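Numbering (this note's numbering), first residue to last: 1311 to 1810.
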Ligand code: BG6
């Protein structure tokens, strides 16, 4: 077990949803598994007025709804909660940061620990600049500690609104923190199955030799959700699927499935390979945006037998909104390995099913021995990496159907996480927070891969803004998405993998 340094974690936005649903449940699980030292402090820093006790109570009730380890016993929580504090604060007020500084010094003295501080920004992005300035002006970063401690910052998405704002935010961050102290969260990278993509590719001798344009016909990356916009109308209507899913999770999945083997399995080597790969993604001209991208927005429909409202009817959404709740695109990676292989990406809300997967389709047979025996349409081989639900990998092959005549049917070889390992994997946030404390940046976005992804996505958004406004809604809730997305892949004689 790794030796984690004593730490003080300051959670900005600690009274909000993300802190209650993801961050504290992850912190509790890590604590419960013994990953925390004797002395540590978790400090909530947010606008809502409450005291330590009220904050602890609210955390207890969230843990019982969201923690992997629930139900949580009160006596266990008491041991954990004595490390939790709350400072009602205003993000743009110098005094709040002065108070924070005093609090940190007093806890460091009381616990006899060095100031090893993690700032976790779990606020709306409009707060980021104030928080960075506040921390800097109150002398609360590593260089102020004169070698006695460190400061790191964890920052949630959306990391910027487009290429320009992401670059500015990055420059601001880098004027206060060093790149090696900045942890840009993409929670997909904390998922076991996403990490397994590299294990699958680079720990098996049988796949990598065929992982190229000689054998692979095309790749599909899908993140389909049946949930709608929920309670996040304000955020989502500004972002749309293009920023919410494509710029980060989808591009990260594309990178992992397509990168070259890194020299070493470490943060910089892996991220260098990602940058190299993303630089090879063919930029999209306005004409390409018209031809190779699709956006959609859901109408009313039926999900799990229940009637649901259209996007424009959701609470907090403008009745004329043209925000995309679905996006699809075709990309090419112009390098030696992938030249000519299309990568089709699609993500959306209120779709027929919930599944996230990477489907790798192999080329059709060069010649079919069995055609002469009257067996037509033998299916292409495929490997489906299922990220959720039913995490695992399946390999689809053709096999002879038992009997007196030769007949070939598709069959599936399945590796399933749950049945193979009989373990419940840590939640993505547990893994990522653990790595922050440990100081391992492998599973976090670096400034350059994040900016290249923004460059690509900004070209799509700019293209969309120059095109005729879409006629939305254009797909029913509970369907597979807009027909234009089927046409996008259909134009190449292919279809989406809609198997569930
Ligand atoms: C988040 C998006 O980053 O990812 C959400 O903001 C989306 O809109 C979620 O629902 C999907 O994550 P997961 O882990 O449920 O696939």
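Built from N, CA and C at the ideal position, the CB exists for glycine as well.
Since the structure is predicted, the reported quantities are computational estimates derived from the model, not experimental observations.
Excluding the 5 residues flanking it on each side, residue 1716 has same chain C-beta neighbours closer than 8 Å at 1680, 1683, 1685 and 1710, in chain order. Boundaries of the beta strand (DSSP E) around residue 1726: 1718-1726.
Leaving aside the five residues that flank residue 1444 on each side, the residues in its chain whose CB is nearer than 6 Å to its CB run, in chain order, 1407. In this model, residue 1563 and residue 1620 are separated by some 29 Å (Cα to Cα). In this structure, the straight-line span from the alpha carbon of residue 1559 to that of residue 1394 is close to 31 Å.
In the three-state scheme derived from DSSP, where H, G and I count as helix and E and B as strand, residue 1562 is classed as helix. Residue pairing for residue 1605: DSSP places it in a beta bridge opposite 1637.
Of 1536, 1789, 1755 and 1593, the smallest CA-CA separation from residue 1699 is found for 1536.
Taking a C-beta distance under 8 Å as the contact criterion, residue 1643 and residue 1794 do not qualify as a contact pair. Under the three-state reduction of DSSP output, residue 1505 falls in the helix class. Scanning the stretch 1409-1448 from its first residue to its last, the whole alpha helix (DSSP H) runs of 4-plus residues come out as 1438-1447.
Counting only runs that start and end inside the stretch 1346-1401, the alpha helix (DSSP H) elements of at least 4 residues fall at 1362-1376 and 1384-1391. From the listed residues 1356, 1525 and 1425, the smallest Cα separation to residue 1402 is found for 1356.
Distance between residue 1467 and residue 1455, taken at the CA atoms: about 28 Å. Within 7 Å of the C-beta of residue 1633 there is not a single heavy atom belonging to the ligand BG6.
Bridge pairing for residue 1497: absent [DSSP]. Distance from the C-beta of residue 1547 to the nearest heavy atom of the ligand BG6 is not below 7 Å. In summary, residue 1319 is buried, with 16 or more beta-carbon neighbours lying within 10 Å of its beta-carbon over all protein chains present. About 7 Å separates the beta carbons of residue 1789 and residue 1661, which is inside the 8 Å limit, making them a contact pair. Sequence-distant Cβ neighbours of residue 1547 in its own chain, meaning closer than 8 Å and more than five residues away, are 1539, 1626, 1627, 1628, 1631 and 1633. Closer than 7 Å to some heavy atom of the ligand BG6: that does not describe the Cβ of residue 1562. Relative to the ligand BG6, even the nearest heavy atom lies 7 Å or more away from the CB of residue 1420. Between residue 1497 and the set 1491, 1776 and 1554, the nearest pair of CA atoms involves 1554.
Considered as a whole, the stretch 1670-1716 harbours 1692-1698 and 1702-1710 as its complete beta strand (DSSP E) runs of no fewer than 3 residues, in chain order.
By the Cβ neighbour-count rule, residue 1460 is buried, with 16 or more other Cβ atoms within 10 Å of its own. For the set 1792, 1371 and 1441, the Cα lying nearest the Cα of residue 1656 is the one of 1792. In the DSSP annotation of this structure, the continuous segment of the alpha helix (DSSP H) that includes residue 1800 starts and ends at 1793-1800. Judged by pairs of C-beta atoms under 8 Å, the stretch 1329-1340 touches the stretch 1373-1382, as three or more such pairs exist. Taking 7 Å as the cut-off, one finds no heavy atom of the ligand BG6 near enough to the beta carbon of residue 1505. Apart from the 5 residues on each side of it in sequence, residue 1636 sits with its Cβ closer than 8 Å to the Cβ of 1551, 1604, 1605, 1606, 1607, 1608, 1656, 1657, 1658, 1659, 1661, 1785, 1791, 1792 and 1795 in its chain, given in chain order. Around residue 1729, the same chain offers no residue with a beta carbon nearer than 8 Å, after the five sequence neighbours per side are excluded. Using a Cβ distance threshold of 8 Å, residue 1587 and residue 1569 count as a contacting pair. The Cβ atoms of residue 1382 and residue 1431 lie no closer than 8 Å to each other. Three or more beta-carbon pairs drawn from the stretch 1755-1769 and the stretch 1474-1488 are found closer than 8 Å, and the two stretches are therefore classed as touching.
As computed with DSSP, residue 1667 is found in a beta bridge with 1532 and 1696. With the rule of 3 Cβ pairs closer than 8 Å, the stretch 1567-1582 does not count as touching the stretch 1671-1678.
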